[in-house]
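Peer 1: For the sequence shown, my numbering gives the first residue as 35, with consecutive numbering after it.
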Amino acid sequence: MDELDERIVAATKKRIRAEVAFNNADAELRELLREGRAAGKGPSHMAKLTGFTREWVAKIAPLSKS
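#1: In or out: Leu83 buried (at least 16 other Cβ within 10 Å) or exposed?
#2: Counting Cβ pairs, one atom from each stretch, are 3 or more of them under 8 Å apart for the segment 89-100 and the segment 54-68?
#3: Can you list, in chain order, the residues of its chain with a C-beta nearer than 7 Å to that of Ser78? Leave out the 5 residues immediately preceding and following it.
#4: Restricting to Cα atoms, I'd like to know which of Lys47, Val91, Arg49 and Phe86 is closest to Ala72.
#5: If you run the structure through DSSP and keep just helix, strand and coil, what is Phe56?
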């Protein structure tokens, strides 16, 4: 394996670690948004906190049916 091959392998490993980190953070955020909705927080409020759109927050964390 030459130096370019080693750099490609290293970049691949770095990308995989970044993807895993993103997926973990995304799952955590989605769970917190669901908790927020259950606690009575609205999608507009949580959209301001996250920088995501109100529609995205409402899609991820719809108001649970009682």
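Cβ atoms here follow ideal geometry from the backbone N, Cα and C, with glycine treated the same way.
Since this is a predicted model, take the numbers as computed values, not measurements.
Peer 2: This is what the structure gives:
#1: exposed
#2: yes
#3: Arg88
#4: Val91
#5: helix
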